[in-house]
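Asks: Protein chains in written order, with this note's numbering: chain A, 52 to 441; chain B, 52 to 441; chain C, 14 to 312; chain D, 14 to 312; chain E, 1132 to 1444.
From the three backbone atoms N, C-alpha and C, an ideal C-beta is built for every residue, glycine too.
One structure follows; several queries about it will come next.
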Amino acid sequence: MDNTRETLIEIEGLYQIFGPDAKNVLPKVKAGASKEEILAETGHTIGLQDINLSVKRGEIFVIMGLSGSGKSTLIRHFNRLIDPTAGKIKVEGDDIMELPVKELTTFRRHKMAMVFQHFGLMPHRCVLDNVGYGLLIKGEKRAEWKPKAVNWLETVGLGGYEDQYPSQLSGGQQQRVGLARALCTDAEILLMDEAFSALDPLIRSEMQEQLIDLQENLQKTIIFITHDLDEALRLGDRIAVLKDGKLVQVGTPVDIVLKPEDDYVRAFAKDVNRARALTVQTIMTADTSKLEGISAKDVRDIFPADRGHAFVFNNNAYQGVLTKQQLDDMQDDDLLEKVLIKVPTVRRTNLLQDVIPLSLNTRFDLPVVNKQGELKGRVEASKLADVLSP
Amino acid sequence: MDNTRETLIEIEGLYQIFGPDAKNVLPKVKAGASKEEILAETGHTIGLQDINLSVKRGEIFVIMGLSGSGKSTLIRHFNRLIDPTAGKIKVEGDDIMELPVKELTTFRRHKMAMVFQHFGLMPHRCVLDNVGYGLLIKGEKRAEWKPKAVNWLETVGLGGYEDQYPSQLSGGQQQRVGLARALCTDAEILLMDEAFSALDPLIRSEMQEQLIDLQENLQKTIIFITHDLDEALRLGDRIAVLKDGKLVQVGTPVDIVLKPEDDYVRAFAKDVNRARALTVQTIMTADTSKLEGISAKDVRDIFPADRGHAFVFNNNAYQGVLTKQQLDDMQDDDLLEKVLIKVPTVRRTNLLQDVIPLSLNTRFDLPVVNKQGELKGRVEASKLADVLSP
Amino acid sequence: MIDSSWLTEFPDMSRRELLAIRQSLDSAYRTFSRDYGESIENFFDPLLYFLVWFENLLIETPWWLVLAAIVGLVYAATRSWKLCSGVLAAFLAIGYFGMWEDTMRTLSIITVCTILSICIGIPIGILMARSDRAKSIITPMLDIMQTMPAFVYLIPVVMLLGIGRIPGVIAVVIYAIPPVIRLTNLGIRLVNQETLEAATAYGATPTQRLFGVQIPLAMPTIMAGINQTIMMALAMVVVASMIGVKGLGQPVLKSITNQYFTLGLLNGLAIVALAIIFDRVSQSYAKRAQKHLEGTENG
Amino acid sequence: MIDSSWLTEFPDMSRRELLAIRQSLDSAYRTFSRDYGESIENFFDPLLYFLVWFENLLIETPWWLVLAAIVGLVYAATRSWKLCSGVLAAFLAIGYFGMWEDTMRTLSIITVCTILSICIGIPIGILMARSDRAKSIITPMLDIMQTMPAFVYLIPVVMLLGIGRIPGVIAVVIYAIPPVIRLTNLGIRLVNQETLEAATAYGATPTQRLFGVQIPLAMPTIMAGINQTIMMALAMVVVASMIGVKGLGQPVLKSITNQYFTLGLLNGLAIVALAIIFDRVSQSYAKRAQKHLEGTENG
Amino acid sequence: ATSCGKVEIADMNWNSASLMANIDKFILTNGYGCDAELIPGDTMPTSTSMAEKGQPDIAPELWTNAVEALINRGVEDGTLSVAGKSLSDGGEEGFWVPKYMVDENPELATISGIKKYAKDFPSSEDPSVSAFYGCPAGWACQITGGNLFKAMNLEEAGFELIDPGSSAGLSGSLSRAYEREESWFGYYWAPTAILGKYDMVKVDFESGVDAEHYKGCISEESCMDPQVTMFPPSPVYTVTTANFKKSNPEAYQYTTQRSLTNDQMNMLLAWMEDNQADGQYAAENFMFTYPEIWSKWVNKDVKAKIDNALDSL
Ligand SMILES: Nc1ncnc2c1ncn2[C@@H]1O[C@H](COP(=O)(O)OP(=O)(O)OP(=O)(O)O)[C@@H](O)[C@H]1O
Ligand SMILES: Nc1ncnc2c1ncn2[C@@H]1O[C@H](COP(=O)(O)OP(=O)(O)OP(=O)(O)O)[C@@H](O)[C@H]1O
Ligand SMILES: [Mg+2]
Ligand SMILES: [Mg+2]
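In structure tokens, the structure reads:
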């Protein structure tokens, strides 16, 4: 991730306590009482406690956590659908708690669009009008937004359903209408609360691509709640993990998987399909020592002493693997290409899942090269085995 | 799967068409008009067409399919929440379309419990009363069912929330209340419509285990809709795949992954984490030729001619791998145990994901043994690589 | 006039025909009422005895005992001291302005009418919500009950039953019952289908669905119906007093004919006070039974 | 009597005090009406002129033209030929029984009253739904409007404005407006919070929320309020005629005092017919605007 | 007299009737040992109920013109009995104008003057016509008043017959005009609180009374050729059920005797008005103040009993 991006949303010391007398329960929470204690003692539920985080412009920020850990509550603070019990929420430096009603409305119209966990569709509007709702609210004419809405409906796979009402749709179809509504507004920031949870794998991965496209091409900032670790790892530039309303860890997908901060996050990341989550980058051994030459004598002196095999390059192009034994068996003038073993190269960005079959098919390390074909390192089967062992 | 199980639910020629004039649209659908055509022409939506399937007692039957393909519609026929446009639904041989109201009620009370996609909780009852609803309906006293309901609430991780109302819960918590309600009834058949979709991975896998326990210990029949292929493969004894209201394939998880009947199912199964979905059984090479002996001479004659290595057993216990070369280098009296390479064994039921690291760590095939330690076959790295290549 | 008069004047029935119809209908009814009045009257006797007994009870019991009983009941129903003190103040004022006895009479008859209306109205509303056929039959009847001027049916009722409490109760109930019926029907019809489906799936019988899901969820709307029924019942107090029901209606009528505005106002206010007390007590009783509505939005 | 009489008799105000209060209030009102009657009357003049003009229009236009216009309007509002033919039949019957002119008079005043009630009532209901403070102030006023016997305020109104259409309209509106206010309030308060939140999240202003979400979703309940308002308005026809409003109420009054049941019944039925027509037309117009309710359960 | 038992007395909602009812209640209770109860009710329902159901027993002040057919049928059928006149010289009906108008323009005291100055009585809803406030809808006087309106050609004179709908509407319009010293011309009757309170002048029809024509034509709805005539006194009777007459001859005897003159009644009404008294208070006051009037209605024994009761009050 690009660390130089500017901060877009900043949250400081955010508390949310549900109940009639939240203000008075706050000190107890600050004093460190647990969620169960507070619930049993006062009947109040802690939604969030002491949340500090910042979201950068253009990133996909994923929020994860147990059911009931406060994800929806947190995301609903970003556009101030609920007011915090305590704390600050700044968007582009402005404290949105202090926006007057009018500006808050403008802010919601232009800056943010939201996909709701329970969809939040309007039962009295047909699908098309639901999708165009955000634009309608801004005062655009139906004729203006209609093509756009139809277009988004088709993108989410609901072409032809324009005139149906939400109650006539299946759960996943309703969710997609909610998705299309959010995408149709052109807002800079997308708040997505389990936006893909009711989708089947095919449509879901299409939608994920769509989202990545949007982020890459239009620099949208996306805050995404999901329970699907694979999805989180696939989409997220950074991932935040919540537990009982507290922020436990914020980090890159790799950090979460490989450097969990506590047992909770470890348990959480345990089940992840690492082969799909991790790239070669994370396990490769940096090593640029290659053999350059055509015949045995060219390389005999530079063959690394501590290795059984090495990668042979010629004119900066990878040729294959040469074992120590082969070299030992060769005459000085024997051409290397006769004996070289064709072990395929991999790239640093390759997912492990693509690399595993390659590694299984050979006894040798896999060479890691960059775009230009320069050797950057190698993938050792044992390291791969390590990272894949649960 | 145990093929001798008796059939519990049987569905024959089921059609469901949504719209005011379903009966008249039916012939068109039977004539083969597509879902889009029907929608555009008549405004009717095809929910299901020509479904024939049977669910056996005690199995977990998973239904998958694109969003809007008719899964929820299908499951709601099992307890006759909607009446089909055409077709028969038999449970234990009785056509439930012909049950009188009273018997239908009894049937619903005792035979089936349902988890709804949109939870279907009662907003006016506290969580505890929601969980106990199924029992309350049967006429049980509150005092009788309360301990049970509390127990199930704790099982789904909601101890302490007894007195809250559904509107005070998060989405996943609501779903768990719905789950507890279904489990609390002791019904023989569980209908679960995306019952885990809003759950985080930790609770979700707990719930999956719970479900498998229930099925194994209490022989419950479970019909489960999910979008999560891994979940389907983990839970399902059989999986049915729907497309546009049609049944495309019904089969075991392995069939679906490895023998998809058409491109649709293939696309569907493409993204599956095969390493987690498949077991050693599916890829092992059956081969019981082992070397039995202590010293080199014991095995020199029986070493398979076409292999580079073989598995050495002693007293029916696996000892390790012996390569052809090692054998060639040894004296007749040399003890095998000195040179044997300790390649670990695997079992037929092991998931591939557990086997991959082992295979990566060795150049040799992995021996597959059964419970008694008898050799059943071996896992070749190349086959593993094959099945893992997308 | 010439024949084309229909262009400007509606070609109506001739006066003679109309008269004939009128006379035969009138005398037919008179014969009917003379023949069957007695037995119909007997049918209502138990209700009459109860009404008389209840009224006497309220009037003859010392006022402070009645007041204590009322406040006690209010507290039992609402658990709200605020409401209790309001009720107490209202009744003290009523007594102070010399309307205690009339108020007790009105209280007794209106209590009966309201309870009757609710007890008959809610089941009918439920029936209406369940069957479209029932709805299409009952709706026009409700329209008639609400808009047919009371006077039109009061005189026949008086011919049948004489003046007094029974025709009064009938008139009040006829007029006051439609809102609770209509709104019960509406409330039940608006209940969320998914919740209802969940109940069905767990094998709830129609009765269990009704009492366990539909009515509780329709409660806010049903309570609006009950509120309107109470209002209508008290609005009929004056009309009832025209056919022999004692109570606050009569001083109102008298004060009007004699232009004693203040007297009318005071008695009118006593009626209003009764209405408000009835309403607030029933509403807050219902609210106590629906705690779930306090929970706010959803996560 | 001895002092402990308060045990059995309510210790009420002495007659003299009461008298003093009554007399001073009465005469205060008299003075007020003398001083301000004129200007208040002038305030209502435009409404009066409109009422007179509208009534004359309906009466003086040839009946078939009026009938055609009514049926046309009904069709425009409901697009239902069934309803149109019902309306036609009802009006033909009304004409045939010689009640055309009275019906036109009642139609004119009730149309105005209903439209006034709805146009004033819905905004007040909205206000009530938005602010708990407003609700707590308005509710008791509605209680008073519904239960204070019409006569109590009618006579002062008559003293202020004379008899005739204006006090009639005031009386009808006062009595008929509460249901639509109450049910608008209830309907809006019952709107699903999630849907509303979605609107907020997309930056809907309070007005957009109101007209885009709250009112459409509250429509079934608001329509129940309108239905009740129509019923109440027509129920007041007879009361209005007691202060000199011409129309179907007068023959009803006449028939009562003369025991012409049939006449009363016919005129009563004409009132009922008007009520049903008003109601069905408004309901079916509203239903046309809420197609979404046709979609049934959820998948 | 202990056998008198339960007696129900109709308590109508105008002052004179209510006063009569309360007087009857007092005397029947204390003088005849009856268990008398007042039953509220309007003229029409009450008389219907008496004729058809024999309940209540006594209507102390019934303006029989209003319900003539009903009473006649009741008497014929043997269910009702006309006991006596409650107002000995009958009710007084007429068309009235406020005194202040006559003071200003004495011509207004006669019908010809009224017609001449019709413009002085503008209708409030349509000032281009003049207003004549008729009798409330449905009352007998609606027919008589209507016929006289026709007979006097008031319509040609520019008057419109306004139906005030109810006595409350009629009196309301009268007080409104009187309080503001505006013009008013309309039907009214006496003795009433209103005419006691407001100084009104009965308009002279300049025709005298033609009782026969009045009965034969003016009071008929089908009167083809109405002629001008002043209202003859309107009969105001005490009506009882036949049952009451049979089972309580003594008490019935009293009801035939009990009667007040218009002057007496006007005086009592004025007192009621001044004190805003209700019927019961006024009746007690009457019993205390005017023993010479009521003692003529009863025999000595009864009078003694009543005096006794008055002493202990
Ligand atoms: N009440 C209804 N009225 C009209 N059409 C309906 C109704 N319910 C469902 N449908 C249609 O039937 C089809 C199947 O819906 P169903 O809810 O069974 O889908 P599903 O497979 O459960 O999808 P999902 O995974 O999104 O929940 C959809 O195309 C939907 O539009
Ligand atoms: N309106 C409310 N009133 C009371 N408690 C609430 C309310 N909304 C949320 N909560 C509580 O706040 C906590 C966090 O809820 P939230 O909806 O944010 O969870 P979540 O992380 O989104 O969970 P899920 O993954 O299940 O959607 C929960 O314990 C819930 O009970
Ligand atoms: Mg959530
Ligand atoms: Mg579904």
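On the criterion of 16 or more Cβ atoms from any shown chain inside 10 Å, does Phe274/C qualify as buried, or is it exposed?
Replies: It is buried - the Cβ of Phe274/C has at least 16 other Cβ atoms within 10 Å.
Asks: What does a CB cutoff of less than 7 Å around Glu307/D pick up in its chain, not counting 5 residues either side in sequence?
Replies: Because the pLDDT of Glu307/D is 47, which lies under 50, any placement of that residue in the model is unreliable, and the question is left without a value.
Asks: What does Gln296/D reach in chain A if we use C-beta pairs closer than 8 Å?
Replies: Within chain A, no residue comes near Gln296/D; the closest Cβ sits about 17 Å away, beyond 8 Å.
Asks: Should Phe364/A and Leu253/B be called a contact, given that it needs their Cβ atoms to be closer than 8 Å?
Replies: Taking 8 Å as the Cβ cut-off, Phe364/A and Leu253/B do not qualify as a contacting pair.
Asks: So for Trp1320/E, helix, strand or coil by DSSP?
Replies: DSSP places Trp1320/E in strand when its eight states are reduced to three.
Asks: Beta carbon of Gly201/C, beta carbon of Ala231/C: below 8 Å?
Replies: According to the sequence displayed, residue 201/C carries Ile and not Gly. Closer than 8 Å, so yes.
Asks: To the nearest whole angstrom, what separates the beta carbons of Leu96/D and Val294/D, a pair I think is in contact under 8 Å?
Replies: Sure, about 7 Å apart at Cβ, within 8 Å.
Asks: So, with DSSP's three-state summary, where would you put Gln300/B?
Replies: Here Gln300/B sits in strand by DSSP.
Asks: Ignore the nearest five residues each way along the sequence and tell me which others in Val397/B's own chain have a CB closer than 7 Å to its CB.
Replies: If we look at Val397/B and ignore the five residues flanking it on each side, its Cβ neighbours are Val331, Val406, Leu409, Leu417, Val419, Val430.
Asks: Give me the Cα-Cα distance between Trp218/D and Ile68/B, rounded to the nearest whole angstrom.
Replies: Here residue 218/D turns out to be Thr, not Trp, going by the sequence shown. Whole-angstrom Cα-Cα distance: 40 Å.
Asks: Quick check on the contact list: which residues have their beta carbon closer than 7 Å to a heavy atom of ligand 4?
Replies: Going along the chain, the residues that qualify are Ser221/A, Gly222/A, Gly223/A, Lys122/B, Ser123/B, Gln168/B, Asp244/B, Glu245/B, Ile276/B, Gly312/D.
Asks: Is it buried or exposed for Cys177/B, if we count other Cβ within 10 angstroms and need 16 for buried?
Replies: Buried, since its Cβ has 16 or more Cβ neighbours within 10 Å.
Asks: Mind listing the chain C neighbours of Trp1145/E? Cutoff is C-beta to C-beta under 8 Å, in chain order.
Replies: By Cβ distance, chain C contributes Lys267, Thr270, Asn271.
Asks: DSSP state of Pro1191/E, grouped into three classes?
Replies: Reduced to three states, the DSSP call for Pro1191/E is strand.
Asks: Is it the case that the segment 1345 to 1361 of chain E contacts the segment 1273 to 1282 of chain E, given that we only count it when at least three CB pairs across the two stretches are under 8 Å?
Replies: Flag = yes, the segment 1273 to 1282 of chain E and the segment 1345 to 1361 of chain E touch.
Asks: Counting only the same chain and skipping the five closest in sequence on each side, list residues whose C-beta sits under 6 Å from that of Ala90/D.
Replies: Closer than 6 Å at the Cβ level, and outside the excluded window around Ala90/D, lie Val294, Tyr298.
Asks: So, using beta-carbon positions, are Ser1304/E and Tyr1264/E closer together than 8 Å?
Replies: Yes.
Asks: Unbroken alpha helix (DSSP H) runs of length 4 or more, entirely within the segment 307 to 390 of chain B: which are they?
Replies: As far as the segment 307 to 390 of chain B is concerned, its whole alpha helix (DSSP H) runs of at least 4 residues are 314 to 321, 325 to 328, 331 to 334, 347 to 351, 375 to 380, 387 to 390.
Asks: Output the distance between the C-alpha atoms of Tyr369/A and Ala432/B, rounded to the nearest integer angstrom.
Replies: Straight-line Cα distance between these residues: approximately 25 Å.
Asks: Apart from the five residues on each side of it in sequence, which residues of its chain come closer than 8 Å, Cβ to Cβ, to Val316/B?
Replies: So the list reads Val292, Val299, Gln300, Ile307, once near-sequence residues are dropped.
Asks: Using a beta-carbon distance cut-off of less than 7 Å, what residues from the segment 217 to 246 of chain D approach chain A?
Replies: Listed in sequence order: Ala217, Thr218, Gln221, Val226, Pro229, Leu230.
Asks: Taking 8 Å as the CB-CB cut-off, is Lys300/C touching chain D?
Replies: Cβ-Cβ to chain D under 8 Å: no for Lys300/C.
Asks: For Gly185/A, return the contacting residues in chain D, with the cut-off set at a CB-CB distance below 7 Å.
Replies: In chain order: Tyr215.
Asks: Judging by CA-CA distance, which residue of Gly138/C, Gly175/C, Gln296/C is the nearest neighbour of Val193/C?
Replies: Looking at the Cα atoms, Gly138/C is the closest of the given residues.
Asks: Near Val182/B, which residues of its chain fall below 7 Å by C-beta distance, leaving aside the five closest residues on each side in sequence?
Replies: If we look at Val182/B and ignore the five residues flanking it on each side, its Cβ neighbours are Ala200, Trp203, Leu204, Val228, Ala231, Arg232, Cys235.
Asks: To be precise: take each residue of the segment 1176 to 1189 of chain E, compare its Cβ to all Cβ atoms of chain C, and keep it if any distance is under 7 Å. Which residues remain?
Replies: Against chain C - using a Cβ distance shorter than 7 Å - the residues of the segment 1176 to 1189 of chain E are Pro1176, Thr1177, Thr1179, Ser1180, Glu1183, Lys1184, Gln1186.
Asks: Say whether chain E places a C-beta atom closer than 8 Å to the C-beta of Cys72/C.
Replies: Looking at the sequence provided, one finds Ile at residue 72/C rather than Cys. No - not a single Cβ of chain E is within 8 Å of the one on Ile72/C.
Asks: For the alpha helix (DSSP H) containing Ile190/C, name the first residue and the last one.
Replies: Ile190/C -> alpha helix (DSSP H) spans 178 to 202.
Asks: Is it buried or exposed for Ser1302/E, if we count other Cβ within 10 angstroms and need 16 for buried?
Replies: Buried: at least 16 other Cβ atoms inside 10 Å.
Asks: Can you list, in chain order, the residues of its chain with a C-beta nearer than 7 Å to that of Phe354/B? Leave out the 5 residues immediately preceding and following it.
Replies: Here the set comprises Leu342, Ala361, Lys375, Leu378.
Asks: Within the continuous beta strand (DSSP E) that includes Lys139/A, where are the two ends?
Replies: That run of the beta strand (DSSP E) goes 137 to 142.
Asks: Got a sec: is the Cβ-Cβ distance from Thr157/A to anything in chain D below 8 Å?
Replies: True, the Cβ-Cβ gap to chain D drops below 8 Å.
Asks: Let me check one thing: in DSSP terms, what residues is Val430/A bridge-paired to?
Replies: Leu417/A, per the DSSP bridge assignment.
Asks: Can you find a C-beta in chain E that's less than 8 Å from the C-beta of Phe164/D?
Replies: Yes, Phe164/D counts as interfacial toward chain E.
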